[in-house]
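K.L.:
Numbering (full-length UniProt numbering) for the sequence shown: 1 to 65.
Every residue, glycine too, gets a C-beta built ideally from N, C-alpha and C.
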Amino acid sequence: MAMSKAERAALNALKSGATFAEAMDTLPEPTPEQLAQLDENGDYILSSNSSELTTEQRPALRQSS
Numbered sequence: 001m002a003m004s005k006a007e008r009a010a011l012n013a014l015k016s017g018a019t020f021a022e023a024m025d026t027l028p029e030p031t032p033e034q035l036a037q038l039d040e041n042g043d044y045i046l047s048s049n050s051s052e053l054t055t056e057q058r059p060a061l062r063q064s065s
């Protein structure tokens with residue numbers, strides 16, 4: 001997925017030393033449709049046919065003893 005001009009501007013602001021809040025100010029407010037795609041944690045809700053793995057499907061990290 002390509003970055004929008006606003007996303008690229010925010011990234012460049014961060015690279016130039018802006019704070020996160022300053023960089024976020026360059027982005028437009030999310031639309032109601034975009035907000036509807038997020039869960040309570042702000043993560044995108046994946047469709048059931050998505051090829052991305054959910055937390056439950058990811059392999060568990062091996063813990064060294």
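1) Check whether the Cβ atoms of Ala-10 and Thr-26 sit closer than 7 Å, and answer yes or no.
2) Taking 8 Å as the limit between beta carbons, can you name the residues of its chain near Arg-8, skipping five residues before and five after?
3) For Asp-39, I'd like the list of residues in its chain whose CB is within less than 8 Å of its CB, leaving aside the five on either flank, ordered along the chain.
4) Could you compute how far the alpha carbon of Met-3 sits from the alpha carbon of Asn-12?
5) DSSP has Leu-38 in a bridge; who is on the other side?
P.N.:
Per the coordinate set shown:
1) Result yes, Cβ atoms of Ala-10 and Thr-26 sit closer than 7 Å.
2) Correct list: empty, nothing qualifies.
3) Around Asp-39: Ile-45.
4) Looking at the two C-alpha atoms, the distance is approximately 12 Å.
5) Looking at the DSSP assignment, Leu-38 forms a beta bridge with Tyr-44.
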